[in-house]
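Below you'll find the structure, written out as structure tokens, and then a few comments.
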Amino acid sequence: MASQTVTQFTYLRLKPDVKPEDPNNEAGEAFLNVLRTAKQQSGYQGSSWGRTIEDRDNVVWVVDWADARGAARTNEIRHFLDASTEMITFYVSLIPSLAGTDVLTKNPVTELVGLAFPSDMSPDEHKKVNSDLIAFRTALLEHMDKNARAISWSMGHVSRPGTVDHASSPSGKALVHMLAVGWESVEAHKAARETQVFADVIKPLREKMLPPPKGVEMRHAKLNKI
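This is the structure in structure tokens:
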């Protein structure tokens with residue numbers, strides 16, 4: 001059986017003088033060179049980065065690995081970080097896998113969001129959540145008007161860490177499902193959220209969903225290939 005690809009997401013906040021999109025910015029080029037070192041690691045399959053639309057100092061770095069052994073080294077990135085913030089890294093086996101594709105970099109904008117659920121759900125509750133997530137995906141890809149339709153969708157359970165601390169969960173822990181959804185624009189996503197279709201299909205998920213864990217709240221980014 002083939003190993004399942006794993007996607008590493010790293011969220012970080014850059015110092016204001018680090019400008020990777022400016023080829024004349026030395027700090028920005030040095031930052032990109034650190035990201036490029038992942039290419040030399042075993043199992044590397046591709047990567048991208050981008051600033052979030054909500055806050056341009058917040059950056060998303062995405063690396064695809066051949067299997068669960070993959071992990072980009074992040075220690076050197078700390079030189080470029082806003083000292084008042086912490087870097088967040090987590091790993092997801094996305095379905096469908098984005099490894100070997102240009103989906104993230106071709107999306108005009110990608111929504112990234114972690115949906116949290118109690119870690120002590122019963123097997124039937126797990127099954128229901130998975131079914132509701134599939135219905136959610138189908139509705140946004142197929143049942144929306146063109147101006148409010150998602151253009152790509154991958155999702156998966158965050159496997160590292162397997163659970164996160166969550167004060168609102170009865171067990172004190174939460175499972176996180178990661179969604180990476182492509183949109184024509186942030187406005188298209190907003191239009192989708194205002195439809196009755198969206199309201200109907202998100203309702204059963206919200207009945208079980210916990211508030212988003214700190215650090216994996218919804219964000220939008222235009223991702224660039226590394």
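The numbers in full-length UniProt numbering rise by one with no breaks, and the one at position 161 of the sequence shown is 161. Using N, Cα and C, we set each Cβ at its ideal position, and we do this for glycine too.
Pick helix, strand or coil for residue i, following the three-state DSSP scheme.
| i | result |
| --- | --- |
| L141 | helix |
| T74 | coil |
| H177 | strand |
| E184 | coil |
| K190 | helix |
| residue 232 | Because the chain spans 1 through 226 in this model, residue 232 falls outside it and cannot be assessed. |
| V109 | strand |
Do residue j and residue i count as a contact pair if the criterion is CB distance below 8 Å?
| i | j | result |
| --- | --- | --- |
| S93 | G156 | yes |
| I53 | A221 | yes |
| G114 | P23 | no |
| G182 | T110 | yes |
Can you tell me the Cα-Cα spacing of residue i and residue j, whole angstroms?
| i | j | result |
| --- | --- | --- |
| M1 | S97 | Caution is warranted here: a pLDDT of 40 is assigned to M1, below 50, making its placement in the model unreliable, and no coordinate value can be reported. |
| R219 | G70 | 25 Å |
| S152 | Q8 | 19 Å |
| E184 | A150 | 8 Å |
| Q41 | K127 | 36 Å |
| A30 | P161 | 29 Å |
| E142 | S154 | 15 Å |
| E21 | A27 | 11 Å |
Given residue i, which residues of its chain have a CB within under 7 Å of its CB, disregarding the five upstream and five downstream residues?
| i | result |
| --- | --- |
| P48 | The amino acid at residue 48 is misidentified as Pro; the sequence shows Ser. Excluding positions up to five away in sequence, the list reads V62, L104, T105, L223, N224, K225 and I226. |
| M144 | A192, T195 and V197 |
| E207 | none |
CB-CB under 6 Å to residue i, same chain, minus the five flanking residues each way: which ones, in chain order?
| i | result |
| --- | --- |
| P204 | D132 |
| D82 | R13 and K15 |
| E217 | none |
Please check the pair residue i and residue j, which I expect to be a contact at CB under 8 Å, by giving their CB distance rounded to whole angstroms.
| i | j | result |
| --- | --- | --- |
| A139 | V197 | 6 Å |
| V34 | E76 | 5 Å |
Tell me which same chain residues have a C-beta within less than 8 Å of the C-beta of residue i, skipping the five on either side of it?
| i | result |
| --- | --- |
| Q4 | D67, A68, S93 and S97 |
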